[in-house]
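A short worksheet on the structure shown next.
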C-alpha cells in the first residue's frame, strides 16, 4: 500500500484493543466484552475518549449525521477515518454489534496467521474462518465507507491533499469501516512482526512485543507461567517399568 494511505500515527492499537475484547475471565474460562450491545457501547465510548498521540485535528467537519446520501464531508487527514472520536455518544444496537463482531472475527483470524509458526490464541483458534475468508471480510468492511482523495489548492497557498467520506452510511457501517481500516494499517505495518499470542497458562490475549526478550503480555502472566513450570518440575513422576 502507498505510504500516504497509512499515516504513521494511525492508532494501530485499535485493532489489538478490539481483538483482546475476548479474554481470560480470571476463573479459568473465556470472557467476551462484546457479548451484548451494552458492552460494545462501553468499549467504543472508552476508545473514543482515549488519549491520542500525534497532531490530528480535533474532529471532522460535517460529522454528526447531517449529510445526506451521496454527499461528502471533509476530514482533515486520514488519521480521522481510523479512530473513533466521532463515536463519543455512540449507543450500540444489534446491527452495530454484529458488524463489529464480524470485523473482530476477521482480525483474530488474521492475527492467528500473523503469529505463525507460533501458536495462536487458544480462545477461538478452532472456530475462526480461514485467512482468505477473513481478508474478504476485513476488506469488505473497510469499503463500507470509502475515502475519497481531493485536491485543495487555494490562490494564496500550496496545494494540499484532503480526504472526504460519504455522509450517507449509518453508524454501524462507519464503525465497522473505522475498525477495519485500523486493522489493515496494523497488519500492513511493522508491528505485525512483533505480534504474539501470550503463552501463559489460561491467557488468550494477543500482544505486541515491546522488546526482543518479552515473552508474556503482562508480568502477572509471566509469574503464572513460572509457577506452573515450578509445579510441573515438583510433580511426582510415575514409576517406570524395569527393563
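Numbering (the working numbering), first residue to last: 413 to 655. Every residue, glycine too, gets a C-beta built ideally from N, C-alpha and C. If you're wondering where the values come from, they're calculated on a predicted model, not measured in any experiment.
| Check | Outcome |
| --- | --- |
| Which residues DSSP lists as bridging residue 556, in chain order | Per DSSP, none; premise fails for residue 556. |
| Alpha-carbon spacing of residue 608 relative to residue 449, whole angstroms | 29 angstroms |
| Secondary structure of residue 452, DSSP reduced to three states | helix |
| DSSP three-state assignment for residue 574, whether helix, strand or coil | strand |
| Coarse secondary structure for residue 527, derived from DSSP in three states | coil |
| Cβ pair residue 546, residue 589 closer than 8 angstroms | no |
| Beta-carbon spacing of residue 616, residue 436 below 8 angstroms | yes |
| Where residue 635 falls, given that 16 or more other Cβ within 10 Å makes a residue buried | exposed |
| Rounded C-alpha distance that separates residue 429 from residue 567 | 43 angstroms |
| Among 597, 577, 506 and 443, the one whose alpha carbon lies nearest that of residue 562 | 577 |
| Residue 539 burial status per 10 Å Cβ neighbour count (16 or more: buried) | exposed |
| At least three beta-carbon pairs within less than 8 angstroms, the stretch 625–632 to the stretch 441–461 | no |
| Own chain partners of residue 476 with C-beta closer than 7 angstroms, once the 5 adjacent residues on each side are dropped | Reliability of the predicted coordinates at residue 476 is poor, the pLDDT of 38 falling under 50, and the value obtained from them is presented with this limitation in mind. Excluding positions up to five away in sequence, the list is empty. |
| Burial state of residue 482, where buried means 16 or more other Cβ atoms lie within 10 Å | Its pLDDT being 46, under 50, residue 482 is placed unreliably by the model, and the measurement read from it follows with that caveat. By the neighbour-count rule (16 or more Cβ atoms within 10 Å), residue 482 is not buried but exposed. |
| Exposed unless 16 or more other CB atoms sit within 10 angstroms - verdict on residue 657 | The question about residue 657 has no answer, for the chain in this structure spans 413 to 655. |
| Nearest-angstrom Cα separation, counted from residue 497 out to residue 478 | Low local confidence applies: a pLDDT of 37 at residue 478 is under 50, so the model's placement there is unreliable, and no value is given. |
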